[in-house]
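Read in order, the letters of the sequence shown correspond to residues -17 to -1, 1 to 493 in mature numbering (1 follows the signal peptide of the UniProt record, and there is no 0).
Report on the structure given below.
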Amino acid sequence: MAFFNVLFVVGITMAAAIVGLSQVKIVESRCETQTQLIYEQSVQSAIDEISRAFKDFSQDGILQSLARDKTAVSALESCRLYLSLALDNLNNSLVSPREFELDSTVIDDIKIRLSGAGADLKTCIDEFDGEIYKTRNLALEKLNKSIELISNSFDIVGQLNSCISSTDKGTPTPTPRISFSSSKDRELVETESGKINPNLVVAKDGSGNFVNINDALNAVTNFSSTRFVIYVKKGIYNENVKVELSKWNVLMIGDGIYQTVVSSNISNAEGVVTTLTATFAVYGKGFIARDMTFKNTAGAIKNQAVALLSASDQSVFYKCSIEGYQDSLYAHSLRQFYRECFIYGTIDFIFGQSATVIQHSSILLRKPLPGQENVITSHDKLYPSDNTGISIQNCVIRPADDLTGVSTFLGRPRSNYAVTAFLENQMEILIDPKGWLSWSGSNGGPPPPETVVYVEYNNSGPGAVTSGRVKWKGVNVNLSSVQASRYTVRSLINGDQWLLATGVPFILDL
């Protein structure tokens, strides 16, 4: 692709010299068209490659035949799910260029879908660990070419962005977004749950349409372009809930935090891979939850145990409580927003490969096992040019338990390109003066590569003192407001394009 890029630049330069500036726009138009075709061919190659690899991960495939324990079987089950998600993300990345005039908004949509596909493939590979490392190597071998093809597609999108930047298209035309079909739909989020008129009601006492949340979700219209509202009455729902990929625009409203509770206790300690431990998992796009609690009660002793997992693009969680220990909130991929939530955990408890902004929430640190340290975030990023990261803004970071003798860090990198920002938060004394941690922990190991991005801007409180922060190149505690604005709702998750329609309050910038 480097050769293609050089060839195109040379071609445009020669065209300008030979035919004059009046003809350059024609060449630039050709640049966009030809680059778009090459992009589509690259993505289609990745789709074809994943489709071929999918056979090896099927129930009668070569990897299944090598599975010797519960963890390996669980990893293969997860892979089948995430390979399907990767195919969906790649197919969706092909839709926008064909249906809408290319502009920066459409380019952002393409890139987040490519990023999501890469996250899906990496998730599959990462599920194979420990005693099944040989199977992991085989999984990597089967998916490595697909990962490279997605990386190539990112490079081509960069060239495509250059093409459209060089032409005068006037004011960009926004890409159509998920929106409410009427003002009445908007009121569904703004009113109290007792006043809504839902499509379905879930009630433990039998007074609704269903007694289980999963049964209600099975009845949701597939691929709905308008909001489908499920009201979940107060009660404890002991189930592992899954909002399938086909369930679009679901709005789920409870009776309040600690009133409507979804609870489970599945963990890695039982031989279940991390993604499948989630008490509540969301894959269908445009999901909104309000006034609910998602809880994994496995405890610190059971290692990774996810309370909430979201791989839903443009998903929103408003006035929710997310409660676990290690790996509580798996903000897996795509664009996500959290507002006025309570998020509890110990180690890496806000993690994933998404573009996520958390605003006006409480980040609460629990007591880990003896000898362990607490780490709030652990962002993962496979491709350097994708626009993902975790941003925590205007939140309160405080202990939930007595944390005497426990070091607490803002984050550590799960990959070489991790991006995490803490903006305008209130930090209590529990934050270790060093602030950030290497993946190996405080017991040793090299610092992360210079490609990680860790930023702090205008935080307050005793935990926000930055004089003792680690001196890594990727750590920046002296940002300007312009630099910090890269990690806001507007810039990180394109929230100016879609959040207003959800009816949830948000801060667009700093």
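Ideal Cβ positions, reconstructed from N, Cα and C, are used throughout, including at glycine.
On a predicted model such as this, the values are computed, not experimentally measured, just so you know.
Annotation: A314 is outside any alpha helix (DSSP H); the continuous beta strand (DSSP E) that includes it extends over 312 to 314. In the three-state DSSP reduction, P351 falls in the coil class, being neither helix nor strand. Residue state for A281 is assigned as coil, using DSSP reduced to three classes.
Note on G478: 16 or more other CB atoms within 10 angstroms of its CB, so buried under the neighbour-count rule. Distances from the alpha-carbon of E124 to those of D52, A36, T204, L132 put A36 closest. Assignment of G446 by DSSP, reduced to helix, strand and coil, places it in the helix class.
Taking 8 Å as the upper bound for CB-CB distance, V487 and R318 are not in contact here, some 14 Å apart. Here S311 is actually not in contact with E356; their C-beta atoms are around 16 Å apart, not less than 8 Å.
When rounded, the separation of the alpha-carbon atoms in D188 and I414 is 44 Å. The shortest C-alpha to C-alpha distance from N195 to any of N144, A202, V185, P353 is the one to V185. When C-beta atoms of the segment 301 to 310 are compared with those of the segment 328 to 348, three or more pairs fall below 8 Å, so the two segments count as touching.
Around the CB of D363, 16 or more other CB atoms lie within 10 Å, so the residue is classed as buried. Nearest Cα to V212 within the set Q142, I219, A202: A202. Between L406 and Y440 the beta-carbon gap is near 5 Å, inside 8 Å, which marks them as a contact. Close CB contacts of N75 within its chain, under the 6 Å cut and outside five residues either way in sequence, are with R96 (chain order). Put simply, of Y301, N248, R273, C303 the residue whose alpha carbon is nearest the alpha carbon of N286 is N248. Cα atoms of D369 and T360: separation of roughly 19 Å, rounded to the nearest angstrom.
Here DSSP, grouped into helix, strand and coil, assigns Y470 to helix. For K105, no beta strand (DSSP E) run applies; the uninterrupted alpha helix (DSSP H) run containing it begins and ends at 87 to 110, by DSSP.
K454 is classed as exposed because its beta carbon has fewer than 16 other beta carbons within 10 Å across all chains shown. Pairing L482 with Q342, the inter-Cα distance amounts to about 13 Å.
The alpha-carbon of F334 is positioned some 24 Å away from that of W231. In the DSSP assignment, K225 forms a beta bridge with A264. Counting only unbroken stretches of 3 or more residues, the beta strand (DSSP E) elements lying wholly within the segment 307 to 346 are 312 to 314, 318 to 322, 325 to 328, 330 to 335, 338 to 342, in sequence order. Measuring C-alpha to C-alpha distances from L365 to each of K117, A252, S316, P353 identifies S316 as the nearest.
Taking a cut-off of 8 Å for Cβ pairs, the segment 257 to 272 and the segment 235 to 245 touch, as three or more such pairs fall below it. By the criterion of a C-beta distance shorter than 6 Å, G191 is surrounded in its chain by V184, V185, once the five residues flanking it on both sides are discounted. By the neighbour-count criterion, in which 16 or more other beta carbons inside 10 Å mark a residue as buried, F277 falls on the buried side.
With respect to W419, L386 sits apart: the two C-beta atoms are not nearer than 8 Å. A straight line joining the alpha-carbon of V255 with that of A29 spans about 29 Å. In this chain, the beta strand (DSSP E) harbouring Q376 covers 372 to 376. Apart from sequence neighbours up to five positions away, the residues of its chain that approach D91 with a beta-carbon distance below 8 Å are N370, N477, ordered along the chain.
Counting along the chain, E439 sits inside the beta strand (DSSP E) bounded by residues 436 to 440. For P431, same chain residues with a beta-carbon under 6 Å away, outside a window of 5 residues either side, are P396, S421 in chain order. Counting the other Cβ atoms within 10 Å of the Cβ of G451 gives fewer than 16, which makes it exposed. Rounded to the nearest whole angstrom, the C-alpha separation of Q376 and E411 is 15 Å.
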